[in-house]
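The next block holds one structure in the form of structure tokens; read it before the comments.
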Amino acid sequence: MASSSGLLPSEPRTLPSTGFQVVDASETIEEETLPGYHLRKYYQYALERSLTKDTVLSGNLDMAQLLLDSRYVALKLYVANLNNTRELKAYECLDAADEKDHPGKTLIRKLLGSFQVDGHSSNGSSHLCLVHEPLGPSLEEILDLMPPYSFHLGFLKPVLRNILIAVDFLHARAGLIHTDLQITNFICDVRSGDETIFAKFENAEFTQPTRRKIISEEHIIYTSRRVSLSKALPLLCDFGEARLFSEAGTPGEDIMPNVYKAPEVIMQMEWDYKVDVWNVAMVVWHSLTGRPLFNGRSADGKIQDDRIHMAEMVALMGPPPLRFLERSTRMTRALWNEDGSWKNVAPIPDITLEKLGADINGYDKAGFFLFFRRMLRWLPEDRPTCEELVYDPWLMRELGLGLGR
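The opening residue of the sequence shown carries number 1 in this note's numbering; numbering runs sequentially from there.
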């Protein structure tokens, strides 16, 4: 890691070879806990090994600049030979988008470059590597540090404004749909002058080396080290599941995190950019309560069950209009009668937003629930745009523009 303190890069530092805890081979950690994990798919790295010109196969990044630049960067390495160009295409659209009179682009994480790196394995694998500006903790990490693991309405409002403005830039200027908005994909910016956060992060590896699992001399899995809190607001990140407007809408396409899925996605209908508006609602609720709005899982918690998920939606939003049900034949027949009544394939729980949000802290909860319900609509066309939500009276209240209730 290069120093951020001078014009010239620092000399490589020798990391400690002792003083760290070795994780037992039987314990699964980090990427090993992910579904579909396979050791050979992941880049075999060690903190002691540096990226050099010999390890980089191709890319649009000047390696000399990367190796000599006097600043910190964050590297995102894809699994081996993953043919996923969505994130690079998304950044091409963002770079080409007209940012005049729209602040949204400044609220999106920057891509500094990309390259392919040798996978260091006998099967000739390579990994796409994205080079980003380094950031602080995610909303999820901040929640974990703030018992009772939920945000105050007053804390959330400026965060939510940034989220809406960033997502509106995707929709209105870049023609992109994120499809994967969740609390892990909003990561706090680090303001100019706060770069010491990264120096402290780097130095901590020398004084308190991270726990690690040693697979081989070339492959070590390190436990994550948290970055210190920043005073800046979060940026929108991770475009690996982004879709162009022109390629979106395929019924049955697997988009969105399971518990955040919009009703039209669960029902395998055509979909559009309004799935992001639904996702914003899910992020807001998770941030305020510390848990997702919908559970959608079997009684034992092991299986994601669309019947339970839809029953929870009926409880909170009422029965869907027939116009909605007519857009999906197979799923509608499985869950609803011809007159639009629920088939009782799963019990409709006795819940309301007010009951579930009883512990939300902050002023004007009634105004918040009015705002929130605008996004929680069966028909995508009934959900406001992100720009319209930015100007909602509840969200504008403290700005002193005379629009508050």
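Every residue, glycine too, gets a C-beta built ideally from N, C-alpha and C.
Remember, it's a predicted structure, so these values are computed and weren't measured experimentally.
- Checking the DSSP bridge columns, you'll see G113 partnered with V131.
- Under DSSP, A74 forms a beta bridge with H132.
- Look at R191 here: in three-state DSSP terms it is coil, with no helix or strand label.
- Shown here, F239 sits in coil according to DSSP, grouped into three states, outside any helix or strand.
- Taken in chain order, the complete alpha helix (DSSP H) segments of 4 residues or longer contained in the stretch 173 to 230 are 196 to 207.
- In this structure, Y273 places its C-beta atom within 8 Å of the C-beta atom of I177.
- Where M375 is concerned, the enclosing alpha helix (DSSP H) starts and stops at 365 to 375.
- Nearest to D180 by C-alpha distance, out of F369, G296, A262, is A262.
- At a Cβ-Cβ threshold of 8 Å, S230 and V190 count as neighbours.
- Straight-line measurement puts the Cα of I142 at about 28 Å from the Cα of H102.
- Contact check between the stretch 275 to 289 and the stretch 319 to 329: fewer than three CB pairs, one atom from each, fall below 8 Å, which does not count as touching.
- According to the DSSP assignment, Y391 belongs to no alpha helix (DSSP H), since it is labelled neither H nor E.
- Annotation: A97 is outside any alpha helix (DSSP H) and is labelled neither H nor E by DSSP.
- Non-local beta-carbon contacts of D392 in its own chain, meaning distances under 6 Å to residues more than five positions away in sequence, involve F371 in chain order.
- Between N185 and L236 the beta-carbon gap is near 7 Å, inside 8 Å, which marks them as a contact.
- Residue A281 holds the alpha-carbon nearest to the alpha-carbon of I163 among A281, G36, R397, G318.
- Rounded to whole angstroms, the gap between the alpha carbons of N258 and Q304 is 7 Å.
- Around R211, the same chain offers F20, Q21, V23, T223 as residues with beta carbons nearer than 7 Å, after the five sequence neighbours per side are excluded.
- Assigned with DSSP and collapsed to three states, P35 falls in coil, not helix or strand.
- Distance from A248 to W271 at the Cβ level is roughly 7 Å; contact confirmed, criterion being Cβ atoms closer than 8 Å.
- Comparing alpha carbon positions, the residue from A311, T196, R109 closest to A166 is R109.
- DSSP places L288 in the helix class (H, G or I) of the three-state scheme.
- DSSP lists R297 as the bridge partner or partners of Q304.
- In the same chain as G136, and ignoring 5 residues on each side of it, the C-beta atoms closer than 6 Å to its own belong to C188, V190, V227, S230, in chain order.
- Leaving aside the five residues that flank G119 on each side, the residues in its chain whose CB is nearer than 6 Å to its CB run, in chain order, A80, S125, S126, H127.
- Nearest C-alpha to R297 among E338, R327, P347, K343: P347.
- Counting along the chain, the unbroken alpha helix (DSSP H) around L139 starts and ends at 139 to 144.
- Relative to P148, the option among R40, G290, D306, A172 whose CA is nearest is G290.
- When only Cα atoms are considered, G357 and K365 end up about 9 Å apart.
- If the five residues before and after C93 are omitted, its C-beta is found closer than 8 Å to the C-beta atoms of A174, G175, L176, L244, all from its own chain and listed in chain order.
- In this structure the stretch 22 to 36 does not touch the stretch 193 to 204; the number of beta carbon pairs closer than 8 Å is below three.
- Counting every other CB atom within 10 Å of its CB across the protein chains shown gives L107 a total of 16 or more, marking it as buried.
- Less than 8 Å divides the Cβ of P292 from the Cβ of Y260.
- The DSSP-derived three-state label of W278 is helix.
- It is roughly 7 Å from the alpha-carbon of M375 to the alpha-carbon of P384.
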